[in-house]
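Written below as C-alpha coordinates is the structure these notes are about.
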Amino acid sequence: MTRVRLIIFDLGGVLVRLERHKLLEAVARETKRPLEDLEQLVVHSHLIEQFELGRIGPTQFFVQLKESLKLSWTFDRFVTAWNSILSENPETTWMLQRLRERYTLLALSNTDVLHDEYIRRTWPVFGQMHHWIASYQVGLRKPEPQIYELALRRAEASPHAAVYIDDTEECVETARALGLIAIHCAPGLPLEQELRAAGVHV
(Lines of atoms letter the chains of each structure in order from A and count residues from 1; the text may use other names and numbers.)
(Lines give C-alpha, C1' and ligand atoms only; values in the text may rest on other atoms or scores of the structure.)
Protein backbone atom coordinates (compact mmCIF):
# COMPACT_ATOMS: atom_id res chain seq x y z
CA MET A 1 0.00 0.00 0.00
CA THR A 2 1.32 3.45 -0.96
CA ARG A 3 1.98 5.62 2.06
CA VAL A 4 -0.66 8.35 2.49
CA ARG A 5 0.80 11.82 2.01
CA LEU A 6 -2.27 13.97 1.38
CA ILE A 7 -5.66 14.25 3.09
CA ILE A 8 -8.36 16.18 1.24
CA PHE A 9 -11.33 17.41 3.24
CA ASP A 10 -14.66 18.60 1.95
CA LEU A 11 -15.92 21.50 4.09
CA GLY A 12 -19.74 21.52 4.24
CA GLY A 13 -21.00 18.39 5.96
CA VAL A 14 -17.52 17.32 7.09
CA LEU A 15 -15.55 20.12 8.78
CA VAL A 16 -18.39 22.64 8.73
CA ARG A 17 -21.99 22.02 9.70
CA LEU A 18 -24.65 23.28 7.31
CA GLU A 19 -27.99 24.27 8.81
CA ARG A 20 -29.81 25.50 5.72
CA HIS A 21 -33.11 25.51 7.56
CA LYS A 22 -32.01 28.71 9.35
CA LEU A 23 -31.85 30.59 6.07
CA LEU A 24 -35.02 29.03 4.68
CA GLU A 25 -37.00 29.79 7.83
CA ALA A 26 -35.83 33.41 7.80
CA VAL A 27 -36.86 33.77 4.15
CA ALA A 28 -40.20 32.04 4.85
CA ARG A 29 -40.97 34.49 7.66
CA GLU A 30 -40.24 37.38 5.35
CA THR A 31 -42.02 36.14 2.22
CA LYS A 32 -44.80 33.96 3.72
CA ARG A 33 -43.89 31.24 1.25
CA PRO A 34 -43.83 27.48 2.01
CA LEU A 35 -40.47 26.01 2.98
CA GLU A 36 -40.75 23.36 0.25
CA ASP A 37 -40.93 26.03 -2.46
CA LEU A 38 -38.03 27.95 -0.96
CA GLU A 39 -35.77 24.93 -0.79
CA GLN A 40 -36.05 24.49 -4.55
CA LEU A 41 -35.58 28.20 -5.22
CA VAL A 42 -32.71 28.80 -2.81
CA VAL A 43 -30.80 25.57 -2.08
CA HIS A 44 -31.13 23.79 -5.42
CA SER A 45 -31.20 26.74 -7.79
CA HIS A 46 -29.07 27.21 -10.89
CA LEU A 47 -28.19 30.59 -9.42
CA ILE A 48 -26.23 28.99 -6.57
CA GLU A 49 -24.25 26.91 -9.04
CA GLN A 50 -23.26 30.09 -10.90
CA PHE A 51 -22.29 31.73 -7.60
CA GLU A 52 -20.19 28.74 -6.56
CA LEU A 53 -18.44 28.74 -9.93
CA GLY A 54 -17.52 32.40 -9.55
CA ARG A 55 -19.51 33.40 -12.64
CA ILE A 56 -21.51 35.93 -10.63
CA GLY A 57 -20.43 37.92 -7.59
CA PRO A 58 -22.19 38.45 -4.24
CA THR A 59 -24.07 41.59 -5.28
CA GLN A 60 -25.39 40.09 -8.49
CA PHE A 61 -26.35 36.89 -6.67
CA PHE A 62 -28.21 38.87 -4.01
CA VAL A 63 -30.06 41.05 -6.53
CA GLN A 64 -31.25 38.04 -8.54
CA LEU A 65 -32.22 36.06 -5.44
CA LYS A 66 -34.01 39.06 -3.95
CA GLU A 67 -35.98 39.52 -7.16
CA SER A 68 -36.96 35.85 -7.49
CA LEU A 69 -38.04 35.60 -3.83
CA LYS A 70 -39.58 39.10 -3.57
CA LEU A 71 -37.39 39.85 -0.56
CA SER A 72 -37.15 43.28 1.03
CA TRP A 73 -33.81 42.57 2.73
CA THR A 74 -30.77 44.80 2.48
CA PHE A 75 -27.55 43.25 1.26
CA ASP A 76 -26.12 43.24 4.80
CA ARG A 77 -29.23 41.48 6.14
CA PHE A 78 -28.87 38.88 3.41
CA VAL A 79 -25.17 38.26 4.15
CA THR A 80 -25.94 37.72 7.84
CA ALA A 81 -28.68 35.19 7.00
CA TRP A 82 -26.56 33.53 4.32
CA ASN A 83 -23.67 32.93 6.72
CA SER A 84 -25.93 31.92 9.63
CA ILE A 85 -26.19 28.39 8.24
CA LEU A 86 -22.50 27.70 8.95
CA SER A 87 -20.86 26.43 12.12
CA GLU A 88 -17.65 24.56 12.88
CA ASN A 89 -17.96 20.80 13.32
CA PRO A 90 -15.64 20.07 16.30
CA GLU A 91 -16.31 16.33 15.92
CA THR A 92 -13.93 16.42 12.95
CA THR A 93 -11.90 19.64 13.22
CA TRP A 94 -10.19 18.44 16.42
CA MET A 95 -7.99 16.16 14.36
CA LEU A 96 -6.62 18.80 11.97
CA GLN A 97 -3.67 19.91 14.08
CA ARG A 98 -2.69 16.32 14.83
CA LEU A 99 -2.93 15.29 11.17
CA ARG A 100 -0.99 18.34 10.01
CA GLU A 101 2.11 17.01 11.77
CA ARG A 102 2.26 13.99 9.44
CA TYR A 103 0.29 14.87 6.30
CA THR A 104 -0.42 17.61 3.80
CA LEU A 105 -3.97 18.87 4.40
CA LEU A 106 -6.12 20.35 1.65
CA ALA A 107 -9.64 21.77 1.78
CA LEU A 108 -11.69 21.20 -1.38
CA SER A 109 -15.11 22.80 -1.37
CA ASN A 110 -18.01 23.77 -3.59
CA THR A 111 -18.54 27.19 -2.07
CA ASP A 112 -19.00 30.87 -2.76
CA VAL A 113 -16.91 33.87 -1.78
CA LEU A 114 -19.19 34.89 1.12
CA HIS A 115 -19.12 31.48 2.82
CA ASP A 116 -15.45 30.95 2.07
CA GLU A 117 -14.32 34.24 3.60
CA TYR A 118 -16.65 33.84 6.58
CA ILE A 119 -15.34 30.35 7.40
CA ARG A 120 -11.69 31.37 7.25
CA ARG A 121 -12.27 34.58 9.18
CA THR A 122 -14.39 33.03 11.92
CA TRP A 123 -12.62 29.76 12.83
CA PRO A 124 -8.81 29.89 13.21
CA VAL A 125 -8.66 26.07 13.16
CA PHE A 126 -8.86 26.19 9.36
CA GLY A 127 -5.46 27.83 9.31
CA GLN A 128 -4.15 24.27 9.75
CA MET A 129 -4.78 23.64 6.05
CA HIS A 130 -1.74 23.69 3.78
CA HIS A 131 -3.88 24.22 0.67
CA TRP A 132 -7.35 25.61 0.10
CA ILE A 133 -9.33 25.20 -3.12
CA ALA A 134 -12.75 26.84 -3.35
CA SER A 135 -14.88 26.23 -6.43
CA TYR A 136 -15.61 29.92 -7.06
CA GLN A 137 -11.87 30.65 -7.30
CA VAL A 138 -11.09 27.96 -9.88
CA GLY A 139 -14.32 27.82 -11.89
CA LEU A 140 -14.81 24.11 -11.20
CA ARG A 141 -17.18 22.21 -8.92
CA LYS A 142 -17.20 18.68 -7.55
CA PRO A 143 -17.86 16.09 -8.82
CA GLU A 144 -16.08 17.37 -11.96
CA PRO A 145 -12.90 15.25 -12.19
CA GLN A 146 -10.80 18.30 -13.08
CA ILE A 147 -11.11 19.82 -9.61
CA TYR A 148 -9.76 16.65 -7.98
CA GLU A 149 -6.90 16.58 -10.47
CA LEU A 150 -6.17 20.23 -9.65
CA ALA A 151 -6.04 19.37 -5.93
CA LEU A 152 -3.54 16.57 -6.56
CA ARG A 153 -1.34 18.81 -8.71
CA ARG A 154 -1.37 21.60 -6.16
CA ALA A 155 -0.33 19.24 -3.37
CA GLU A 156 2.10 17.38 -5.67
CA ALA A 157 0.60 14.04 -4.71
CA SER A 158 -0.42 10.93 -6.63
CA PRO A 159 -4.02 9.69 -6.34
CA HIS A 160 -3.00 6.53 -4.48
CA ALA A 161 -1.22 8.61 -1.83
CA ALA A 162 -4.30 10.76 -1.18
CA VAL A 163 -7.29 10.23 1.10
CA TYR A 164 -10.44 12.12 0.17
CA ILE A 165 -13.33 12.74 2.62
CA ASP A 166 -16.79 13.97 1.61
CA ASP A 167 -20.38 13.64 2.81
CA THR A 168 -21.77 13.39 -0.74
CA GLU A 169 -21.71 9.93 -2.28
CA GLU A 170 -21.38 11.19 -5.85
CA CYS A 171 -18.25 13.15 -4.95
CA VAL A 172 -16.80 10.15 -3.13
CA GLU A 173 -17.45 7.92 -6.14
CA THR A 174 -15.68 10.32 -8.51
CA ALA A 175 -12.64 10.50 -6.24
CA ARG A 176 -12.54 6.72 -6.01
CA ALA A 177 -12.78 6.38 -9.79
CA LEU A 178 -9.73 8.66 -10.10
CA GLY A 179 -7.75 6.36 -7.81
CA LEU A 180 -7.99 8.26 -4.53
CA ILE A 181 -8.74 6.50 -1.25
CA ALA A 182 -12.23 7.88 -0.69
CA ILE A 183 -14.21 7.97 2.54
CA HIS A 184 -17.91 8.75 2.81
CA CYS A 185 -18.40 10.87 5.92
CA ALA A 186 -21.98 10.72 7.16
CA PRO A 187 -23.64 11.24 10.57
CA GLY A 188 -23.04 8.22 12.76
CA LEU A 189 -20.12 6.91 10.73
CA PRO A 190 -16.81 6.84 12.67
CA LEU A 191 -14.50 9.03 10.57
CA GLU A 192 -11.52 8.47 12.85
CA GLN A 193 -11.92 4.71 12.47
CA GLU A 194 -12.26 5.01 8.68
CA LEU A 195 -9.07 7.06 8.51
CA ARG A 196 -7.15 4.52 10.55
CA ALA A 197 -8.39 1.75 8.24
CA ALA A 198 -7.02 3.77 5.31
CA GLY A 199 -3.60 3.84 6.92
CA VAL A 200 -3.82 7.32 8.40
CA HIS A 201 -2.33 7.93 11.86
CA VAL A 202 -4.88 10.04 13.73
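Numbering of the sequence shown is given in the working numbering, commencing with residue 2 and proceeding in unit increments.
C-beta: ideal position from N, C-alpha, C; glycine also.
- Taking the Cα positions, Val64 is about 14 angstroms away from Arg56.
- Looking at the backbone, the Cα of Gly14 and that of Glu53 are separated by about 16 angstroms.
- Ranked by how close their Cα comes to the Cα of Glu68, the residues Asp77, Pro91 and Leu42 have Leu42 in first place.
- Note on Val203: under 16 other CB atoms within 10 angstroms of its CB, so exposed under the neighbour-count rule.
- Collapsing the DSSP output to three states places Thr123 in a helix.
- A direct Cα-to-Cα measurement between Asn90 and Tyr104 gives close to 20 angstroms.
- Under the Cβ criterion (8 angstroms, minimum of three pairs), the region 105-122 counts as touching the region 3-22.
- Beta-bridge analysis with DSSP links Thr105 to Leu7.
- Contact check for Ser85 against Leu24 passes: the beta carbons are separated by less than 8 angstroms.
- When secondary structure is reduced to three states using DSSP, Gly128 falls in the helix class.
- Rounded to the nearest angstrom, the Cβ distance from Leu87 to Tyr119 is 6 angstroms, consistent with a contact under 8 angstroms.
- For Val164, the enclosing beta strand (DSSP E) covers residues Ala163 to Asp167.
- Following the DSSP letters along the chain, one finds Leu196 inside the alpha helix (DSSP H) bounded by residues Leu192 to Ala198.
- For His185, there is no enclosing alpha helix (DSSP H); the enclosing beta strand (DSSP E) covers residues Ile182 to His185.
- Here Ala156 is buried: its Cβ has 16 or more other Cβ atoms, across all protein chains shown, within 10 Å.
- For the pair Val201 and His185, the CB atoms are not nearer than the 8 angstroms cut-off.
- With respect to the C-alpha of Asp167, the residue from Lys143, Arg21 and Leu153 having the closest C-alpha is Lys143.
- Sixteen is the threshold: when 16 or more other Cβ atoms of the shown chains lie within 10 Å of the Cβ of Ala163, as they do, the residue is buried.
- Nearest C-alpha to Arg154 among His132, Asp117, Lys33 and Ala183: His132.
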